[in-house]
Each structure stands twice: as structure tokens, then as C-alpha cells.
Amino acid sequence: MGIIEAIITILSRFVIGTISAWGYTGILVTMAIESACIPLPSEIIMPFSGYLVTTGQFTMVGVTLAGALGNVVGSILAYYAGVWGGRPFVERYGPYMLLSHRDLETADRWFSKYGEAAVFFSRMLPVVRTFISLPAGIARMNFPRFVIFTFIGSIPWCYSLAYVGVKMGEQWEQLREYFHRFDIVIGLCLALAAGYFLWSHWPRRATTPDS
Numbered sequence: 003m004g005i006i007e008a009i010i011t012i013l014s015r016f017v018i019g020t021i022s023a024w025g026y027t028g029i030l031v032t033m034a035i036e037s038a039c040i041p042l043p044s045e046i047i048m049p050f051s052g053y054l055v056t057t058g059q060f061t062m063v064g065v066t067l068a069g070a071l072g073n074v075v076g077s078i079l080a081y082y083a084g085v086w087g088g089r090p091f092v093e094r095y096g097p098y099m100l101l102s103h104r105d106l107e108t109a110d111r112w113f114s115k116y117g118e119a120a121v122f123f124s125r126m127l128p129v130v131r132t133f134i135s136l137p138a139g140i141a142r143m144n145f146p147r148f149v150i151f152t153f154i155g156s157i158p159w160c161y162s163l164a165y166v167g168v169k170m171g172e173q174w175e176q177l178r179e180y181f182h183r184f185d186i187v188i189g190l191c192l193a194l195a196a197g198y199f200l201w202s203h204w205p206r207r208a209t210t211p212d213s
């Protein structure tokens, strides 16, 4: 539990510190990091931003647009990683960002099956939304359409997670008492989730070329 708690604490402090210091720019930067295939969960970023809406620091429109724009910026980086490096580059260096072959194959199947529409619809799905830019870049999807689909598709996801933060903020006192009572159960769930993520991603580094 100690290591898991440390990881959660580091991620939370980074997100909270960045957003608190930089405002909307902090939301954009952290969401860009996530969309560039770096494991910084939007499930932390956007709810915290939504919570700050209840304090008057942000507006729902502002946090949603900042999150969606951040998705676009990070996705452009991932898109060009696919354009310039192709699949060999992604397969070689992806595991260092905990991108497993299974993740890449899932994103490939989505793009192969749904084409450019996958860029839009996958933005509202966990995991796939983070990696869909890579096959789009490898396939050299029309760039303006890629940007537009990414932005529009990111809006519902960012708004929904921010809304969760708003509702949490409105009920903060009750939630704080509830979580305090069940902090052990929550900690175990987080530990299991993080353990499964590492088990399903990190060992695949051994299957990369040149290993």
C-alpha cells in the first residue's frame, strides 16, 4: 500500500499544484500530457477542475474548453509520433510509457473498423481515447479533420468528468466523512486497480525489439 499511496500522492500533488498555479493553462498542460500517451489520468485532472468550479475559480465552459484543447495539443504530438516514426517507433518506445501491444492493437482495430470516425467516438472511451492518435498518424489521416474530430470528441468526456467534480464539490462535507470511514476499502481498490494496470502493461516491455 505504501508504494501505491506514494504514486497516487505524487500524481495528485502534481495535478493539483499545476492547476492551482496555472489556472486554465494548468488544465490544458496536464490534459495535453495525458493525450500524448503519458499516464497522467484525466480522471484526476478534470474532476479536480470541476471541484474548483464550485469555489468560483473556474467556470464549466472554461474547464471543458481547456481540457478539450489540451487533448488536441497532446494528440497532435502523438499523431506526429505516428507520422514520423510509424509503427516500429511506437512499438519500440511505447512500452516506456506503459503502452502495451494490446493497447496499440485495440486502437488499431478501432481505427481500421471505424476509420476517421474512431478519432471522434473513441474520445469518450477510457484507454482507447489516449492511444487512438497513434494509428491515425500512422495512417496519415487528414490533419485538419483529425484536429476537429479530436476537439469535438473530447468535449463530452471533459465536461462529464468536470461535472463529477462539481457534484463532489457540492457534497464535499458528506463525501469527506464517507471516504474517511471507508478509506481502507478505497485504498485496497486503488491498489488492485494500479496493480492490474502495471501487471497488464509493464511486463510487455520484455517483448519490445532490442530487449
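Its first residue numbered 3, the sequence shown is counted upward by one per residue in this note's numbering.
Don't be surprised by glycine CBs; every beta carbon is placed ideally from N, CA and C.
Which value, in whole angstroms, describes the spacing of the CA atoms of Ile18 and Phe50?
One C-alpha to the other measures close to 7 Å.
Using DSSP with H/G/I as helix, E/B as strand and the rest coil, what is Asn144?
In the three-state scheme derived from DSSP, where H, G and I count as helix and E and B as strand, Asn144 is classed as coil.
Around the Cβ of Thr61, are there at least 16 other Cβ atoms within 10 angstroms (buried) or fewer (exposed)?
The residue in question, Thr61, is exposed, as its Cβ has fewer than 16 Cβ neighbours within 10 Å.
Candidates Ser162, Ser156 and Gly171: closest to Glu76 by CA position
One point to set straight first is that residue 76 is Gly, not Glu, in the sequence displayed. In terms of CA proximity to Gly76, Ser156 leads the group Ser162, Ser156 and Gly171.
When the Cβ atoms of the region 137 to 149 are set against those of the region 68 to 86, are three or more pairs found closer than 8 Å?
Flag = yes, the region 137 to 149 and the region 68 to 86 touch.
Below 8 Å on the Cβ atoms is my guess for Ala34 versus Gly72; work out the distance and round it to an integer in Å.
With a Cβ gap of about 4 Å, Ala34 and Gly72 count as contacting.
Quick check: the Cα distance between Gly117 and Val168, rounded to an integer number of angstroms?
A direct Cα-to-Cα measurement between Gly117 and Val168 gives close to 35 Å.
Endpoints, alpha helix (DSSP H) assigned at Thr56:
Thr56 -> alpha helix (DSSP H) spans Ser44 to Thr56.
What's the gap between the Cα of Tyr53 and the Cα of Leu67?
Approximately 16 Å, taken between the alpha carbons.
Simplified DSSP state of Gly28, which is helix, strand or coil
Gly28: helix per DSSP, three-state reduction.
Looking at the structure shown, is Ile157 part of a helix, part of a strand, or coil, going by DSSP?
Note: Ile157 maps to helix in three-state DSSP.
Specify the secondary structure class of Val23 as computed by DSSP and reduced to three states.
The residue asked about is misnamed: residue 23 is Ala in this sequence, not Val. Helix at Ala23.
Between Ile46 and Ser14, is the Cβ-Cβ spacing less than 8 Å?
Yes, these two residues count as a Cβ contact at 8 Å.
Could you name the residues of the same chain whose beta carbon sits closer than 6 Å to that of Gly69, not counting the 5 residues immediately before and after it, in chain order?
Excluding positions up to five away in sequence, the list reads Ile29, Met33, Met48 and Cys160.
Buried versus exposed call for Trp112 [16 or more other C-beta atoms within 10 Å across all chains shown]:
It counts as buried.
Exposed unless 16 or more other CB atoms sit within 10 angstroms - verdict on Ser37
Buried, because 16 or more other Cβ atoms sit within 10 Å of the Cβ of Ser37.
Backbone secondary structure at Pro90 - three-state DSSP
It is helical.
I'd like to know whether the C-beta of Ser124 is nearer than 8 Å to at least one C-beta of chain C.
Here there is only one protein chain, and chain C is not present.
Tell whether a beta-carbon distance below 8 Å holds between Phe145 and Val121.
No; because the gap between Cβ atoms is not below 8 Å, this pair is not in contact.
For Glu118, name the three-state secondary structure that DSSP assigns.
Residue state, collapsed to three classes: coil.
According to DSSP, is Ile134 helix, strand or coil?
In the three-state DSSP reduction, Ile134 falls in the coil class, being neither helix nor strand.
Return the Cβ separation of Val130 and Ala109 in integer angstroms, given the expectation that the two are a contact with Cβ distance under 8 Å.
Contact flag correct, Cβ pair sits at about 6 Å.
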